[in-house]
Structure formats: C-alpha cells, structure tokens
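*Asks:* I'd like to ask you about the structure that follows.
Number of protein chains: 2
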Amino acid sequence: VDVEVEEKARKHVDNLTKPLGALGQLEEIVVRLAGMTGEVVPSIRQKATVVMCGDHGVTEEGVSAYPREVTGMMIHNFCRGKAAVNVLSKQFGSRVWVVDVGSRLEELPQGVIPCKIRAGTDNMAQGPAMTRKEAVEALWAGVDMACRMKEEGVQLLAVGEMGIGNTTAGTALTAALTEEPVAGLVGPGTGLDPEALERKRQVIERSLAVNQPDPKDPLDALAKVGGLEIAAMAGVALGASALRLPVVIDGWISTVAAWTAVRMAPRVQPYLIASHLSTEPGHRVLLDRLRLNPLIRADMRLGEGSGAVLAFPLLDGAVAAAEGMATFAELGL
Amino acid sequence: VDVEVEEKARKHVDNLTKPLGALGQLEEIVVRLAGMTGEVVPSIRQKATVVMCGDHGVTEEGVSAYPREVTGMMIHNFCRGKAAVNVLSKQFGSRVWVVDVGSRLEELPQGVIPCKIRAGTDNMAQGPAMTRKEAVEALWAGVDMACRMKEEGVQLLAVGEMGIGNTTAGTALTAALTEEPVAGLVGPGTGLDPEALERKRQVIERSLAVNQPDPKDPLDALAKVGGLEIAAMAGVALGASALRLPVVIDGWISTVAAWTAVRMAPRVQPYLIASHLSTEPGHRVLLDRLRLNPLIRADMRLGEGSGAVLAFPLLDGAVAAAEGMATFAELGL
Chain A
73 VDVEVEEKAR KHVDNLTKPL GALGQLEEIV VRLAGMTGEV VPSIRQKATV
123 VMCGDHGVTE EGVSAYPREV TGMMIHNFCR GKAAVNVLSK QFGSRVWVVD
173 VGSRLEELPQ GVIPCKIRAG TDNMAQGPAM TRKEAVEALW AGVDMACRMK
223 EEGVQLLAVG EMGIGNTTAG TALTAALTEE PVAGLVGPGT GLDPEALERK
273 RQVIERSLAV NQPDPKDPLD ALAKVGGLEI AAMAGVALGA SALRLPVVID
323 GWISTVAAWT AVRMAPRVQP YLIASHLSTE PGHRVLLDRL RLNPLIRADM
373 RLGEGSGAVL AFPLLDGAVA AAEGMATFAE LGL
Chain B
73 VDVEVEEKAR KHVDNLTKPL GALGQLEEIV VRLAGMTGEV VPSIRQKATV
123 VMCGDHGVTE EGVSAYPREV TGMMIHNFCR GKAAVNVLSK QFGSRVWVVD
173 VGSRLEELPQ GVIPCKIRAG TDNMAQGPAM TRKEAVEALW AGVDMACRMK
223 EEGVQLLAVG EMGIGNTTAG TALTAALTEE PVAGLVGPGT GLDPEALERK
273 RQVIERSLAV NQPDPKDPLD ALAKVGGLEI AAMAGVALGA SALRLPVVID
323 GWISTVAAWT AVRMAPRVQP YLIASHLSTE PGHRVLLDRL RLNPLIRADM
373 RLGEGSGAVL AFPLLDGAVA AAEGMATFAE LGL
C-alpha cells in the first residue's frame, strides 16, 4: 500500500469539521482505502460481491442442519435474485457474481459463471477433501475472477460463499493452520443443536487426525480439510490484493479464506476490510489474528457475502464524509 | 406497539431463504419496526434527522476541548450542508432539520428552525442550568418538531445534537438519574487530556452537589443539570413514540435524552433503535439499561446524529431483505 497517500489522506481527514478522530473507524477506513487505491479520496463507486459455491463430501457425516441439496437450490435462488445477498446488493447498488467452483449441480441456471473444478469435495473424515492440484486450480479460479472483476471496472469487492457443510471445513482448516483447539472454534453453523454440534466437533477432530494437514503449508491444509469455494475465495483475495483492489470479508468462512490467503502471502493483509462480527466463535479468533475491527455487530451468520454487502454503504459514507465535509479553516476557526 | 403485527412479521421473516435467525439483529429490527408502524413490511423510505442545538453555561469551567463559539459555527456549517450529518444524510437520501432551541447565536443563518427558549443555559456548577418551566418549553419544542416531521411525511427519525459542553451536562444528568458514580460515566467528549478530564469530573460532581437534582424527578434533573438541546431531544422521543414513529438514537447525548424520556414515559422505550456504540463510557451504561443493541461499532464520538444516519442504510437493508427475499417454499424445500 502507498504510505505517502495514506499520510495525505490522514492530514485531509484531520482538518475536517469534527473533533480529531471523532469519526473513528470511518477515518481509518478512508486512510486505508487511500493507501490501497493510491487516491487521497478513494473512489469505490463500482462494487461487487463474488459468491463462490461448492459442495462438501463431509455432509455425509451429518454435520449440517440442512441437506447438501440446499447448495444447488441456493445457486438457483441467487440467479433469480431472491437471496439475501441479491436483495442487499440491489438495495446498495452493487453487483453479484455467482461462481460455481465445486457444486454437485449438473445443469447450471443462467447467470452462474461456470468454473467447476469438481462436483463437490470428498469426505474429509475419511481422506483428503481434494488433491493439492485441485486446490491450486480452485485458487486460480479465484485469482482469475478478481482479474475479470477488475477488468469490468469493479473498484472494491466482497467475498461470499454458499456450500452446505462449509463451516465444518472452515473450522477444520482454521484448527489445522492455527493449531488452536477445535472446541474453541466450532459453532452451530446453520443451526445445530448441542448434540449435533458435539458430533460436528468429533468429525472435525477425526478429519484432522486422518489427514494430518501440515500447519506450515496452507495449501496442504486447504486441499486436505478445506473446500473448493474456500480455496476460490482465498484466490480472490490473492488476486485482488495484487491488483490493489480492496477486499471486504464477510463472516466466518470468507474470513477463513482470507486468512489462508494471508498465510500464503502476507501482502494480502493490508487489502482486507472486515464487515461484521458473526456469531460463529471462530470468527473473532481470526479477526483478532488479522487485527481487523468489524464495523457491524448484528449477530448475523448467513454467509453469501450478506454481511459484507451490508458494510458497503458504511464505506460509501466514510468516503462521502472525507469528500464532502468542510474544513475548520473554511469555517474560520 | 402492535404485538399481533410483530408476530406476523416474525412468521414472514422465519420463512425466508436463510437459516432461522441467520440475519440476526436485522430480523429483530424488521419485527420491531412492524410492531411500531403496524405494517408487516414496514415502510421507512422517508427518513430525517433532527439536530437540536444549544449552548451550555458550564463551558465557563473549561470542560470542553473547543470554545463555546463552535456551537454557532457548526450551526452555520449545518446550513451550508457541509457537516458530517449533512454529507451522510445526502449520501443515504435522508433530510436534516436543524433546530435552534438554545444557542447563543443572535442571527440565525437561513435554514435553521428558530425555537430558541433562551440563549444558552446558566453555569450549572453555580446553580440550576435553567428553570423547570424552560425545561418544559424545550421538551415541548421537541414534541412539536416530531409532529411537524410526521406531518411532512417522515416515517422514521433520528435525533442528533450540537452543543459545546453537552457531554458535561449529559454526564451530570445521567449520574443524577441513575445515581451511578460520575467516574464511570464521564469521558473525554471532543477530546480532553487526562488532566482536563479530571477537572470535568470535578465540575460535574460540583454541579450535582450544588443543585441536588431529584433522582426520581427526571424533569427536575433535566432543568438543573441538563441542557436545552437535551430536553428538546427527549421531547422528540416523547412525541415520536406517541405518533408511532421509530426513533433512531445516536451517541452518548442523544441516548441520555432518550433515556430521560423513557424515565418520564416508559412507552417511549419500544420505539427506540440504537445505531452505534460511542467511545464515551456512559453510552454503554445507558444502552444496557435500555436493553438496546447498537448495530455499528466504529468508535465514533461526533454527535450531530452522524452515527444514527449511518445506521439508516442498515435499516433499509433489513426491510429490503424482508420484502425481496424468496421463501423456502418458493424454492421447493
């Protein structure tokens, strides 16, 4: 990021008609966006959310409150514009890109970008979710998507996902790379009761025991206990940061992906913006490691990128304030 | 509020294509707005912020980082549309009403609504800030403003303020009515250093000792250690709730006002929506007493209604989701 432009943005913000620092995180965000984009007053008008979709073999183990068919149903719902991420995106004037990197859908509805690496992962409780090569392909699908979005004029992007079973994979991946106990990371996802949550924890423990992912090799962990959509989101973060595009992360799964990307390439970190704090317990653990402050606390746990899109108007507001407010000098003080 | 409409809204929200409760506070807000407005899918298109302005005699004691003249300067800034609350309101398509209930400005710029009760309060460290009659008049100015906003088609309103010295008055009023120690409520306001903060604490203690406000009589406390703009904001909350208008509260001062209104009339409480959590320590104390969850955590401490306006798009998003999302039945599940 451009530290000189950051300094200029900081000076500009400090002169606006408000007590020093009184706009708090909004000021920080403007300064950070300036550094990312290289513009003192950054332009983030064109925004889009990429929703990476994939299925998970581990759903066989009964780790989700919903059947795995819901992934495909929701892809159809995205294409009809009737899911939360669509409605919020329409409300705030941003676009949605729906990408199939790994669902079990055979026929894709109109509007999905087809990038299927394979039709769902294997059951990680019995062996690796995918091969290292497949994980690399999914990463590249994400990098490629970031490039395509940049080419189409997107100035800031959000990452979201759909994949029944992916909080199980996301928790396993986080436990593998942080070496933190699963019990402190696992949560009810779409809504498990305590008994089912305990089963989910055991399935994650077993997946880690069976696969022995290397905590020092994010790609190894991604292949063995990750997911196709998680790898693709990590790829989006890698690509976007290389293209100097700010990346708004959503909840638990997209943060896992972003954090995996940071583990692969630390230069991703300064391009990440946190949107909200999910109720999934692992989310805060990773946000703390990424040193990010989420703007919204609404107890959301939906995914799709819904929380990230909800932060778009707050980012717009921050930039508008920097652009439109008077300075104290103009006021005669 | 209409409990039957709330129940209908809850049922509608529960059938949308998302795990039960996955939109968290957004769902709660839609249900609450339904109860307030009596509409299952509430309409909150027309939004406005009323900025109540007043001066404080206690500024003589050196309790603010800014000179008291800044109140008048900022009234001019509001009228030029160049303050944070203006810029954010323009960004999100809402209006700003600037009301002078007690500034020391003699000539008001075009665009201010003149409701001056008196030109600033007296120094509460030496005696009552105003008379009980004046406090009642300021309250009524607020009630009247809520009526005028309703007449002009406003469907949801936010309360904001401008008044150098008002975190001192707000803290004194809160301490008087909660009987909590001043030390746990007082904060740096516009930006005091630790030494000046200690002086501010002492001035507040002295004001309470000199005036002996009655903790059981909110009007007595409001007159003795409150402020004209604080009383007017309390009046807005009283008026709005009677008119079934949702009221979005901003930071520390507007929450003090809303809480004072609730102490006067408990029926105000269900009409309050919290926007953000300010860095002023007393804010959380009152939000907890009001059992409200602020949606935004951005370390803001500006006032004017700026944080409340920032929450407008989140409320719009919540309503849009309830209106535009498919149900699982439509998806065939």
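Chains as they are written, first to last, in our numbering: chain A, 73 to 405; chain B, 73 to 405. Note that beta-carbon positions come from the ideal geometry of N, C-alpha and C, so glycine has one too.
#1: Tell me whether Leu367(A) sits in a helix, a strand or coil according to DSSP, three-state version.
#2: Assuming Val171(B) and Cys187(B) form a contact by the criterion Cβ under 8 Å, report the distance between their Cβ atoms to the nearest whole angstrom.
#3: Which runs of the beta strand (DSSP E) at least 3 residues long sit entirely within the segment 319-355 of chain B? Give them in chain order.
#4: Taking just the CA atoms, how far does Arg104(B) sit from Glu78(B)?
#5: Beta-carbon separation of Ala322(B) and Thr351(B) under 8 Å?
#6: Cα separation between Ala241(A) and Arg176(A)?
#7: Compare the beta carbon distance of Ala398(A) and Asn149(B) with 8 Å and say whether it is the shorter of the two.
#8: Does DSSP classify Cys187(A) as helix, strand or coil?
#9: What residue range is occupied by the uninterrupted alpha helix (DSSP H) comprising Val167(A)?
#10: What are the residues of the segment 254-271 of chain A that lie near chain B, defined by any Cβ-Cβ distance shorter than 7 Å?
#11: Quick one: what does DSSP say Glu209(A) is sitting in, helix, strand or coil?
#12: Is any beta-carbon of chain A found at less than 8 Å from that of Pro91(B)?
#13: Rounded to whole angstroms, what is the Cα-Cα separation between Ala94(B) and Arg373(A)?
#14: Check Lys90(B) in the structure and name its three-state DSSP category.
#15: Specify whether the segment 388-396 of chain B and the segment 98-115 of chain B touch according to this definition: at least 3 beta carbon pairs, one from each stretch, less than 8 Å apart.
#16: Give a yes or no on whether 8 Å exceeds the smallest Cβ distance from Arg363(B) to chain D.
#17: Sorted by chain position, which residues of the same chain lie with C-beta nearer than 8 Å to Asp194(A)'s C-beta, five sequence neighbours on each side aside?
#18: Would Asn87(B) pass as a contact of Ala401(B) if the rule is Cβ separation under 8 Å?
#19: Compute the beta-carbon to beta-carbon distance between Ile302(A) and Val320(A), rounded to the nearest angstrom, for a pair I have assumed lies under 8 Å.
#20: So Gly235(B) packs on Thr143(B), CB below 8 Å; how close in whole Å?
#21: Beta-carbon within less than 7 Å of Lys272(B)'s beta-carbon, same chain only, minus the 5 sequence neighbours each way: which residues are those?
#22: Thr332(A) and Pro290(A) look like a contact to me (Cβ under 8 Å); what is the Cβ gap, rounded to whole Å?
#23: CB Leu359(A) to CB Pro366(A), shorter than 8 Å?
#24: Using the Cα positions of Leu362(B) and Val334(B), report the straight-line distance between them to the nearest angstrom.
#25: So, under 8 Å CB-CB, Glu233(B) and Val123(B) are touching, yes? Tell me the CB distance rounded to an integer number of Å.
#26: In the structure shown, what three-state DSSP assignment does Met372(A) receive?
#27: Is Pro385(A) close to chain B? Criterion is C-beta to C-beta, closer than 8 Å.
#28: Which residues in chain A sit within 8 Å of Lys154(B), going by Cβ to Cβ distance?
#29: Using C-beta distances below 7 Å, list every residue in its chain close to Thr327(A), excluding the 5 sequence neighbours before and after it, in chain order.
#30: Is it buried or exposed, Gln163(B), if we count other Cβ atoms within 10 angstroms and call 16 or more buried?
#31: Go through its chain and collect everything with a Cβ distance to Thr243(A)'s Cβ below 7 Å, but skip five positions before and after it.
#32: State yes or no: is the beta carbon of Arg373(B) nearer than 8 Å to at least one beta carbon in chain A?
#33: State yes or no: is the beta carbon of Gly389(A) nearer than 8 Å to at least one beta carbon in chain B?
#34: Determine, for Leu358(B), whether the minimum Cβ-Cβ distance to residues of chain A falls below 8 Å.
#35: Taking only the alpha-carbon atoms, compute the straight-line gap between Thr454(A) and Val231(A) and give it to the nearest angstrom.
#36: Ignore the nearest five residues each way along the sequence and tell me which others in Gln341(B)'s own chain have a CB closer than 6 Å to its CB.
*Replies:* The answer reads as follows:
#1: In the first sequence, the residue the question calls residue 367(A) occupies position 295. Coil at Leu367(A), not helix or strand.
#2: On the second sequence, position 99 is the one that residue 171(B) refers to. On the second sequence, position 115 is the one that residue 187(B) refers to. Here Val171(B) really is in contact with Cys187(B); their C-beta atoms are around 5 Å apart, less than 8 Å.
#3: 319-321, 344-346, all fully within the segment 319-355 of chain B.
#4: What you label residue 78(B) is simply residue 6 of the second sequence in a count that begins at 1. What you label residue 104(B) is simply residue 32 of the second sequence in a count that begins at 1. Each residue's Cα considered, the two are about 7 Å apart.
#5: As a working note, residue 322(B) is residue 250 in the second sequence. As a working note, residue 351(B) is residue 279 in the second sequence. One detail in the question is off: residue 322(B) reads as Asp in this sequence, not Ala. No, the Cβ-Cβ distance between Asp322(B) and Thr351(B) is not below 8 Å.
#6: Taking the first residue of the first sequence as 1, we reach residue 241(A) at position 169. Taking the first residue of the first sequence as 1, we reach residue 176(A) at position 104. If you take the alpha carbons of Ala241(A) and Arg176(A), they lie about 17 Å apart.
#7: Numbered from its first residue, the first sequence carries residue 398(A) at position 326. Numbered from its first residue, the second sequence carries residue 149(B) at position 77. The Cβ atoms of Ala398(A) and Asn149(B) sit closer than 8 Å to each other.
#8: The residue you call residue 187(A) lines up with position 115 of the first sequence. Under the three-state reduction of DSSP output, Cys187(A) falls in the coil class, being neither helix nor strand.
#9: In the first sequence, counting from the first residue as 1, residue 167(A) sits at position 95. Reading off the sequence shown, one finds Arg at residue 167(A), where the question assumed Val. Per DSSP, Arg167(A) belongs to no alpha helix (DSSP H); it is in the beta strand (DSSP E), 167-174.
#10: Of all residues in the segment 254-271 of chain A, those with a C-beta nearer than 7 Å to a C-beta of chain B are Thr262, Gly263, reading in chain order.
#11: Here residue 209(A) corresponds to residue number 137 of the first sequence, with the count starting at 1. Helix.
#12: The residue given as residue 91(B) occupies position 19 in the second sequence. Answer yes: the Cβ-Cβ gap between Pro91(B) and chain A drops below 8 Å somewhere.
#13: Position 22 of the second sequence, counting from 1, holds the residue named residue 94(B). Position 301 of the first sequence, counting from 1, holds the residue named residue 373(A). Ala94(B) and Arg373(A): Cα-Cα distance of roughly 5 Å.
#14: For the purposes of this step, residue 90(B) is taken as residue 18 along the second sequence, with counting starting at 1. DSSP places Lys90(B) in coil when its eight states are reduced to three.
#15: Taking a cut-off of 8 Å for Cβ pairs, the segment 388-396 of chain B and the segment 98-115 of chain B touch, as three or more such pairs fall below it.
#16: This model lacks chain D altogether, as its protein chains are A and B.
#17: Numbered from its first residue, the first sequence carries residue 194(A) at position 122. The answer, listed in chain order, is Gly129, Pro200, Ala201, Met202.
#18: What you label residue 87(B) is simply residue 15 of the second sequence in a count that begins at 1. What you label residue 401(B) is simply residue 329 of the second sequence in a count that begins at 1. At the C-beta level, Asn87(B) and Ala401(B) come within 8 Å of one another.
#19: Residue 302(A) sits at position 230 when you count from the first residue of the first sequence. Residue 320(A) sits at position 248 when you count from the first residue of the first sequence. Actually they do not touch by this definition, with Cβ atoms about 17 Å apart.
#20: For the purposes of this step, residue 235(B) is identified with residue 163 of the second sequence, where counting begins at 1. For the purposes of this step, residue 143(B) is identified with residue 71 of the second sequence, where counting begins at 1. About 6 Å separates the two Cβ atoms, so the contact holds.
#21: Position 200 of the second sequence holds residue 272(B). Counting only Cβ-Cβ distances below 7 Å, and skipping sequence neighbours, we find Val135, Thr240, Val258, Leu264.
#22: Sequence index remark: in the first sequence, residue 332(A) carries index 260 (1-based). Sequence index remark: in the first sequence, residue 290(A) carries index 218 (1-based). Between the beta-carbon of Thr332(A) and that of Pro290(A) there is about 5 Å, and that keeps the pair under the 8 Å contact cut.
#23: In the first sequence, residue 359(A) corresponds to position 287, counting from 1. In the first sequence, residue 366(A) corresponds to position 294, counting from 1. In contact: Leu359(A) and Pro366(A) (Cβ atoms closer than 8 Å).
#24: Counting from one through the second sequence, the residue named residue 362(B) turns up at place 290. Counting from one through the second sequence, the residue named residue 334(B) turns up at place 262. Here the alpha carbon of Leu362(B) sits roughly 9 Å from the alpha carbon of Val334(B).
#25: The residue labelled residue 233(B) in the question sits at position 161 within the second sequence. The residue labelled residue 123(B) in the question sits at position 51 within the second sequence. Right, their Cβ atoms sit about 6 Å apart.
#26: Within the first sequence, residue 372(A) is the residue found at index 300, counting from 1. Shown here, Met372(A) sits in coil according to DSSP, grouped into three states, outside any helix or strand.
#27: Counting from one through the first sequence, the residue named residue 385(A) turns up at place 313. With 8 Å as the cut-off, Pro385(A) counts as an interface residue toward chain B.
#28: As a first step, residue 154(B) is located in the second sequence; it is residue number 82 there, counting from the start. Per Cβ cutoff of 8 Å: Thr89, Gly396, Met397, Ala398, Glu402.
#29: Counted from its first residue, the first sequence places residue 327(A) at position 255. Short of 7 Å from the beta carbon of Thr327(A), and not among the five residues preceding or following it, lie these beta carbons of its own chain, in chain order: Ile321, His355, Leu358, Leu359.
#30: In the second sequence, residue 163(B) corresponds to position 91, counting from 1. Buried, by the Cβ-count rule.
#31: Mapped onto the first sequence, residue 243(A) falls at position 171. In chain order, Val254, Leu257, Val258, Ile276, Gly354 place their CB closer than 7 Å to the CB of Thr243(A), counting only its own chain and leaving out the 5 sequence neighbours on each side.
#32: By 1-based counting over the second sequence, the position of residue 373(B) is 301. It does; some Cβ of chain A falls within 8 Å.
#33: In the first sequence, the residue the question calls residue 389(A) occupies position 317. Using a CB distance cut-off of 8 Å, Gly389(A) counts as an interface residue toward chain B.
#34: As a position in the second sequence, residue 358(B) is number 286, starting the count at 1. It does not; no Cβ of chain A falls within 8 Å.
#35: Because chain A is modelled from 73 through 405, residue 454(A) falls outside the range shown and cannot be assessed.
#36: Counting from 1 along the second sequence, the entry for residue 341(B) is found at position 269. Taking Gln341(B) as the centre and dropping the five residues before and after it, the same chain places the C-beta of Val334 closer than 6 Å to its C-beta, in chain order.
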